[in-house]
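Colleague: Under numbering that gives the first Met the number 0, the letters of the sequence shown match residues 0 to 351, in that order. For every residue, glycine included, the Cβ atom is placed at its ideal position computed from N, Cα and C. Structure in structure tokens, see below.
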Amino acid sequence: METTLQNYGLVPYFTQQLSPEEFDHGRVGRVTEIQRSIITVSDGSAEFAIPITSSWRDAHSENKPTVGDWVVLDDQRSRIERVLDRKSLFRRVAAGEKTEIQLIAANIDVLFVMTSCDEDFKESRLERYLALAVESGVIPVVVLTKIDLSTDSDSYAERARSVQTGVAVESVNALDRSTLDGVRAWIEPGSTIALVGSSGVGKSTLLNALAETNVAATNEVRGQDKKGRHTTSHRALYRLPGGGLLIDVPGMRELKVADVDAALEIVFDDIEAMASRCRFADCRHASEPGCAVRGAVENGDIEARRLRNYQKLLRENERNSASVAEKRLQGRVFAKHVKQVKALKKDKGLLE
Ligand SMILES: Nc1nc2c(ncn2[C@@H]2O[C@H](COP(=O)(O)OP(=O)(O)O)[C@@H](O)[C@H]2O)c(=O)[nH]1
Ligand SMILES: [Mg+2]
Ligand SMILES: [Zn+2]
């Protein structure tokens with residue numbers, strides 16, 4: 000079982016968290032798929048369809064199993080006992096009145112941030128994805144698709160490279176396997192890659208090309224509004240012939256940020272560096288006198304759009320981080336309360 004699980008990316012980081020009994024009885028597996036009420040877990044040789052029990056449904060959102068998680072199963076392989084500590088976690092703040100954290104995928108090594116050489120391409124969106132990738136502890140790679148449909152794909156690649164110092168950019172025609180060597184170089188045996196990007200950019204097409212078989216349904220983009228139909232409705236982990244693992248994340252309209260302070264400093268390192276020359280240490284680069292960042296925008300050294308997006312992400316981060324911290328606290332208080340009630344019932348002989 001050891002070697003087959005290594006194909007699924009099992010490394011010492013996870014085996015160290017197992018008791019000898021859990022390891023010897025092969026009770027460890029990886030979550031390969033999540034649907035409405037069923038979690039699919041693979042133990043390397045077989046897959047188990049595990050119903051999501053109410054205790055997991057009520058768990059705090061960051062503690063729930065997600066695609067890519069390593070989990071310990073019970074002896075009957077009918078229940079998830081616990082989720083192992085993650086190497087990395089890609090999550091977003093879900094849109095809506097309430098601030099909810101939604102897990103996208105766990106234990107990812109590389110994130111393919113996908114966009115196409117057409118009107119989907121927006122620097123501001125790339126900056127947002129890159130901040131989320133850096134915050135998650137995942138290496139981001141920008142994958143530029145549909146180079147065959149553009150006469151100017153090099154300029155798109157150049158724009159993508161200018162979004163963050165040193166970020167890797169790979170250009171592909173997802174329909175032509177001979178263009179995929181650049182992305183293949185990022186997929187090592189046992190490593191996990193997640194694909195994110197708007198609907199219709201070619202995530203499923205790339206997955207199929209790399210898998211060398213049609214594992215995922217692709218959507219033909221509708222002529223009128225260029226919006227793809229939502230064929231991929233759930234997240235799943237696929238094994239590639241070369242030994243890597245790929246997670247196709249269906250298009251998400253909004254990926255709000257929270258807790259990305261440090262990541263914003265990295266993605267916007269040019270603005271951060273310039274800010275050290277502002278007259279006021281807490282300058283917000285709005286209307287303060289002696290603002291070096293606004294000076295750089297006026298000189299054309301920093302794009303006005305880039306500064307606006309940086310400020311927007313900072314505000315969003317501030318707003319959401321506060322509510323996320325509050326949620327986490329509520330989650331912990333609630334868990335403690337449940338424990339106390341259970342202990343009390345046990346004392347009174349109401350629970351075994
Ligand atoms: N010409 C061309 N078409 C592509 C490319 N990548 C994807 N497509 C087409 O774009 C449409 C949407 O692709 P799909 O993989 O379903 O997008 P997804 O929503 O990101 O999974 C399909 O019709 C694909 O055939 C590409 O690199 N070049
Ligand atoms: Mg798709
Ligand atoms: Zn300033």
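Identify, in the order they occur along the chain, each residue of the same chain with its Cβ nearer than 8 Å to the Cβ of Leu72, setting aside the five sequence neighbours on each side.
Modeller: Taken in chain order, the residues that qualify are Arg26, Val27, Gly28, Val40, Asp42, Phe47, Ile49, Arg78, Ile79 and Glu80.
Colleague: On the criterion of 16 or more Cβ atoms from any shown chain inside 10 Å, does Gly222 qualify as buried, or is it exposed?
Modeller: In this prediction, Gly222 has a pLDDT of 43, which is less than 50 and means its spatial position is unreliable; nothing more can be read from the coordinates.
Colleague: Please confirm whether any heavy atom of ligand 2 lies closer than 7 Å to the CB of Asp119.
Modeller: No.
Colleague: Once DSSP output is grouped into helix, strand and coil, what is the label at Val82?
Modeller: Val82: strand per DSSP, three-state reduction.
Colleague: Quick one: Cα of Thr164 to Cα of Ile138, how far?
Modeller: The alpha-carbon atoms of Thr164 and Ile138 are separated by roughly 13 Å.
Colleague: Of all the beta strand (DSSP E) runs that stay within the bounds of the region 171-249, which reach a length of 3 or more residues?
Modeller: Runs of the beta strand (DSSP E) inside the region 171-249: 191-195, 235-238 and 244-247.
Colleague: Check whether the Cβ of Val182 lies closer than 7 Å to any heavy atom of ligand 1, and answer yes or no.
Modeller: The answer is no for Val182.
Colleague: Measuring CB atoms only, is the region 102-112 touching the region 57-71, in the sense that at least three cross pairs come out at less than 8 Å?
Modeller: The region 102-112, when compared against the region 57-71, does touch it at the 8 Å Cβ threshold.
Colleague: What do you reckon, is the C-beta of Thr204 under 7 Å from a heavy atom of ligand 1?
Modeller: Yes - ligand 1 has a heavy atom lying nearer than 7 Å to the Cβ of Thr204.
Colleague: With distance defined between alpha-carbon atoms, name the residue in Ala45, Ser44 and Ile37 nearest to Arg56.
Modeller: Closest option to Arg56, Cα to Cα, is Ile37.
Colleague: Would you tell me roughly how many angstroms separate the C-alpha atoms of Gln5 and Gly189, rounded to the nearest one?
Modeller: Distance between the alpha carbons of Gln5 and Gly189 is about 6 Å.
Colleague: Round the Cβ separation of Pro249 and Arg234 to the nearest angstrom and send it over; I've been treating them as touching at under 8 Å.
Modeller: Going by Cβ atoms, the distance from Pro249 to Arg234 rounds to 7 Å, so yes, they are a contact pair.
Colleague: Check Ser87 in the structure and name its three-state DSSP category.
Modeller: Of the three classes helix, strand and coil, the one that applies to Ser87 here is coil, per DSSP.
Colleague: Are the beta-carbon atoms of Leu194 and Met113 separated by less than 8 Å?
Modeller: Result yes, Cβ atoms of Leu194 and Met113 sit closer than 8 Å.
Colleague: For the candidate residues Ser197, Leu17 and Asn62, whose alpha-carbon lies nearest to that of Thr144?
Modeller: For the residues Ser197, Leu17 and Asn62, the minimum Cα distance to Thr144 belongs to Ser197.
Colleague: Sorted by chain position, which residues of the same chain lie with C-beta nearer than 6 Å to Lys226's C-beta, five sequence neighbours on each side aside?
Modeller: A caution first: Lys226 carries a pLDDT of 45, below 50, which makes its placement in the model too unreliable to give a value.
Colleague: Assuming Leu312 contacts Arg176 under a Cβ cut-off of 8 Å, what Cβ separation, rounded to an integer in Å, is found between them?
Modeller: 36 Å between Cβ atoms; not a contact.
Colleague: For chain C, find out if any of its Cβ atoms is closer than 8 Å to the Cβ of Asp260; answer yes or no.
Modeller: Of the chains in the structure shown, none is chain C; there is only one protein chain.
Colleague: For Lys311, name the three-state secondary structure that DSSP assigns.
Modeller: If DSSP states are grouped into helix, strand and coil, Lys311 belongs with the helices.
Colleague: Rounded to the nearest angstrom, how far is the Cβ of Ile146 from that of Val182, given a contact under 8 Å?
Modeller: With 8 Å as the limit, Ile146 and Val182 do not qualify as a contact, their Cβ atoms being about 12 Å apart.
Colleague: Between which two residues does the beta strand (DSSP E) holding Ser115 run?
Modeller: First-last of the beta strand (DSSP E) with Ser115: Val109 to Ser115.
Colleague: Can you list, in chain order, the stretches of the alpha helix (DSSP H) that have 4 or more residues and sit fully within the region 122-169?
Modeller: The qualifying runs are 122-135 and 152-160.
Colleague: If you drop the 5 nearest sequence neighbours on each side, which residues of the same chain put their C-beta closer than 6 Å to that of Glu122?
Modeller: Val162, listed in sequence order.
Colleague: Which same chain residues end up closer than 8 Å to Thr178 when comparing Cβ atoms and leaving out the 5 residues on each side of it in sequence?
Modeller: Cβ neighbours of Thr178 beyond the five flanking positions: Ile146, Ser170, Val171 and Asn172.
Colleague: Ligand 3: which residues have Cβ under 5 Å from any of its heavy atoms, chain order?
Modeller: In chain order, the hits are Cys277, Cys282, His284, Cys290 and Val292.
Colleague: Going by CA-CA distance only, name the one from Thr191, Val200, Leu236 and Gly241 that's closest to Leu209.
Modeller: Ranking Thr191, Val200, Leu236 and Gly241 by Cα distance to Leu209 puts Gly241 first.
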